[in-house]
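For reference, the structure is listed below as structure tokens.
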DNA sequence: CGCGGATCGTTACACTGTAACAGGCAGGGC
DNA sequence: GCCCTGCCTGTTACAGTGTAACGATCCGCG
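Residue numbers (our numbering), protein chains in the order written: chain A, 1115 to 1286; chain B, 1115 to 1286.
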């Protein structure tokens, strides 16, 4: 569907968080605590799905995840991945990017209640997750004014991330 | 995919705008002016696609539109509808609801530059489009702070609209 | 008339997501 | 121990969403 990679699928830490194994370990630890506390089952499939999503620096489709989880002779069906993703999204460990039909790891420790803003770069395909109390407040005001009771919020901005703007400037 | 209809697919004017033929005529007129001004072709397929989307009180999938445009012996393929929808969304006449893979008519005269907030009701499936300068400001601030250059914005809130909350109160 | 550009019809295909059913596995009560 | 129950997973099948590619048609323009 797309190629990307202009500023590299891994390794660019634009902002606060670092991608890669460190974040993966954090997320897995959080998932284990959460499962412990709530009496849920953090199964192998769910853990491996979370790991695959966390390792990647860009949104992954369910079928991409299935492919990465598959080994010669041991194929993982997409439907299983969807079920694992249902679990992970339900508990705020990964997010679904509606405009891409793809999934990214949750980069904040926020409870499932809060809502995030996703910054999706068209050049490199990376996704940054930020939280703004100010945006939430103005959203809440608008919703209250419309008499609308929100259940879930989707805020996705497509554009060009800072790193890619810099790269483009150099090339010109 | 879903049934809806709890508060009726048509006829509930919650707020400012009225659905139905009046809005349809407005939109078509706007499209004709726009095509005139920019030297674009507002073809029959595009007009009929716009009409179908405008008449419906809820988001329509591309295949639903194709079905409504088809007559016995004169089938309209989904791919043609997609091309018409590309044209219509590009020029701000309809909006795509990313979380539903569906399309709604634009209910504001805003230029394609501004961004809208969509309130999607889980009970009746209706979609309200509102604009809030306050939300735009806080979004802009957050984006500027992140060094992110936005190209398009998606803000979709799922929940329960005022009308459906009222209905539910009555039934309880 | 010939040419170029845009639109549209058609086919084929890839990707996304879910329904339904069967097997496996762990824990709880007897 | 044994069965029963509930949850998770595997498998198949299918519905829904979206695009690529090619050809035909239409239309304005030189």
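Ideal Cβ positions, reconstructed from N, Cα and C, are used throughout, including at glycine. Because the structure is a prediction, the values reported are computed rather than measured.
Contact residues within the region 1232 to 1254 of chain B, judged by C-beta distance below 7 Å to chain A = Look at the region 1232 to 1254 of chain B: the residues with a C-beta under 7 Å from a C-beta of chain A are 1233, 1236, 1242, 1244, 1246, 1248, 1249, 1252, 1253.
query = Can you give the Cα-Cα distance for residue 1267 (chain B) and residue 1230 (chain B), rounded to whole angstroms?
reply = Distance between residue 1267 (chain B) and residue 1230 (chain B), taken at the CA atoms: about 8 Å.
inquiry  = Once the 5 residues before and after residue 1223 (chain A) are set aside, which same chain residues still bring their CB inside 8 Å of it?
reply    = Within the same chain, and ignoring the five residues on either side of residue 1223 (chain A) in sequence, the residues whose Cβ sits closer than 8 Å to its Cβ are 1144.
task = Check whether the Cβ atoms of residue 1274 (chain B) and residue 1188 (chain A) sit closer than 9 Å, and answer yes or no.
result = Not in contact: residue 1274 (chain B) and residue 1188 (chain A) (Cβ atoms no closer than 9 Å).
request  = Starting from residue 1264 (chain A), follow the beta strand (DSSP E) in both directions and report where the run begins and ends.
outcome  = Segment 1263 to 1274, the beta strand (DSSP E) holding residue 1264 (chain A).
inquiry  = So the candidates are A:1254, A:1251, A:1246; which of them puts its Cα closest to the Cα of residue 1256 (chain B)?
reply    = When only C-alpha atoms are compared, the closest one is A:1246.
task = Starting from the C-beta of residue 1198 (chain A), find all residues in its chain whose C-beta is less than 7 Å away, skip the five residues before and the five after it, and write them out in chain order.
result = Closer than 7 Å at Cβ, skipping near neighbours: 1159, 1160, 1163.
Nonlocal neighbours in the same chain, by C-beta distance under 8 Å from residue 1196 (chain A), ignoring five residues either side = Excluding residues up to 5 positions away in sequence, 1176 lie with their Cβ nearer than 8 Å to the Cβ of residue 1196 (chain A) in the same chain.
ask   = How is residue 1135 (chain B) classed by DSSP in three states: helix, strand or coil?
value = DSSP places residue 1135 (chain B) within a helical segment (H, G or I) once states are collapsed to three.
key: Own chain, CB closer than 6 Å to residue 1244 (chain B), minus 5 neighbours either side, in chain order   = Setting aside the 5 residues that flank it on each side, residue 1244 (chain B) is surrounded in the same chain by 1231, each with a C-beta closer than 6 Å to its C-beta; the list follows chain order.
message = Using a Cβ-Cβ cutoff of less than 6 Å, which residues in the same chain neighbour residue 1127 (chain B) once the five nearest sequence positions on both sides are dropped?
response = The pLDDT assigned to residue 1127 (chain B) is 40, lower than 50, so where the model puts this residue is not dependable; a value taken from the coordinates is nonetheless given after this. So the list is empty, once near-sequence residues are dropped.
key: Spatial distance of residue 1190 (chain B) from residue 1171 (chain B) (CA atoms)   = The C-alpha of residue 1171 (chain B) is placed about 22 Å away from the C-alpha of residue 1190 (chain B).
inquiry  = Let me make sure I understand the geometry here. Which of B:1237, B:1200, B:1236, B:1174 has the alpha-carbon closest to that of residue 1215 (chain B)?
reply    = In this structure, B:1174 is the residue among B:1237, B:1200, B:1236, B:1174 with its C-alpha nearest to the C-alpha of residue 1215 (chain B).
query = By the 10 Å Cβ neighbour count, where 16 or more other Cβ atoms means buried, how is residue 1186 (chain A) classified, buried or exposed?
reply = If you draw a 10 Å sphere on the C-beta of residue 1186 (chain A), you find fewer than 16 other C-beta atoms in it, and that means exposed.
key: Interface residues of the region 1261 to 1281 of chain B facing chain A [CB-CB below 7 Å]   = For the region 1261 to 1281 of chain B, which is checked against every Cβ of chain A, the residues closer than 7 Å are 1261, 1262, 1263, 1264, 1265, 1266, 1267, 1268, 1269, 1270, 1271, 1272, 1273, 1274, 1275, 1276, 1279.
ask   = Given a threshold of 16 other Cβ atoms within 10 Å of its Cβ, counted over all protein chains shown, does residue 1135 (chain B) qualify as buried or as exposed?
value = Taking every protein chain shown into account, the CB of residue 1135 (chain B) has fewer than 16 other CB atoms within 10 angstroms, so this residue is exposed.
query = Straight-line CA distance for residue 1279 (chain A) to residue 1212 (chain B)?
reply = Across the structure, residue 1279 (chain A) and residue 1212 (chain B) are spaced so that their CA atoms are roughly 26 Å apart.
ask   = If you compare alpha carbons, which of B:1235, B:1178, B:1208, B:1217 is closest to residue 1265 (chain A)?
value = Looking at the Cα atoms, B:1235 is the closest of the given residues.
First and last residue of the uninterrupted beta strand (DSSP E) at residue 1156 (chain A) = It is not in any beta strand (DSSP E) - residue 1156 (chain A) carries neither H nor E in the DSSP assignment.
task = Return the chain-ordered list of same chain residues with a C-beta closer than 7 Å to the C-beta of residue 1180 (chain B), the five sequence neighbours on each side being excluded.
result = Same-chain partners within the cutoff: 1190, 1191, 1192, 1195.
Where residue 1119 (chain A) falls: helix, strand or coil (DSSP) = Confidence at residue 1119 (chain A) is low in this model, with a pLDDT of 37, below 50, so the placement of that residue should be treated as unreliable; the coordinate-derived value is given next. The three-state secondary structure of residue 1119 (chain A), taken from DSSP, is coil.
Status (buried if at least 16 other CB within 10 Å, exposed otherwise) for residue 1119 (chain B) = Model confidence at residue 1119 (chain B) stands at a pLDDT of 37, short of 50, so the residue's coordinates are unreliable; what they give is reported in the following sentence. That one is exposed.
query = Nearest chain B C-beta to residue 1199 (chain A) closer than 9 Å, yes or no?
reply = No - not a single Cβ of chain B is within 9 Å of the one on residue 1199 (chain A).
message = Within 10 Å of its beta-carbon, does residue 1258 (chain B) have 16 or more other beta-carbons around it, so buried, or fewer, so exposed?
response = When all chains shown are included, residue 1258 (chain B) counts as exposed.
Residue 1141 (chain B) classed as buried or exposed, judged by whether at least 16 other C-beta atoms fall within 10 angstroms = Residue 1141 (chain B) should be labelled buried.
task = Assign residue 1204 (chain A) to one of three DSSP states: helix, strand, or coil.
result = Helix, per DSSP.
key: Range of the contiguous beta strand (DSSP E) that encloses residue 1258 (chain B)   = No beta strand (DSSP E) holds residue 1258 (chain B); the alpha helix (DSSP H) holding it covers 1247 to 1260.
message = Using a Cβ-Cβ distance cut-off of 9 Å, determine whether residue 1256 (chain B) contacts chain A.
response = Yes, because at least one Cβ of chain A sits closer than 9 Å to the Cβ of residue 1256 (chain B).
task = Kindly indicate the opening and closing residues of the alpha helix (DSSP H) around residue 1181 (chain A).
result = For residue 1181 (chain A), the enclosing alpha helix (DSSP H) has its first and last residue at 1176 to 1183.
message = Within 10 Å of its beta-carbon, does residue 1139 (chain B) have 16 or more other beta-carbons around it, so buried, or fewer, so exposed?
response = Result: exposed.
ask   = Apart from the five residues on each side of it in sequence, which residues of its chain come closer than 7 Å, Cβ to Cβ, to residue 1182 (chain A)?
value = Cβ within range, chain order: 1166.
ask   = Which residue from A:1152, A:1272, A:1178 puts its Cα closest to that of residue 1238 (chain A)?
value = Closest by alpha carbon: A:1272.
request  = Assign residue 1236 (chain A) to one of three DSSP states: helix, strand, or coil.
outcome  = Coil.
query = Terminal residues of the continuous beta strand (DSSP E) containing residue 1219 (chain B)?
reply = First-last of the beta strand (DSSP E) with residue 1219 (chain B): 1216 to 1219.
query = Helix, strand or coil: how does DSSP classify residue 1241 (chain B) here?
reply = Strand at residue 1241 (chain B).
key: C-beta atoms of residue 1154 (chain B) and residue 1201 (chain B) nearer than 9 Å   = Yes, they are a contact pair.
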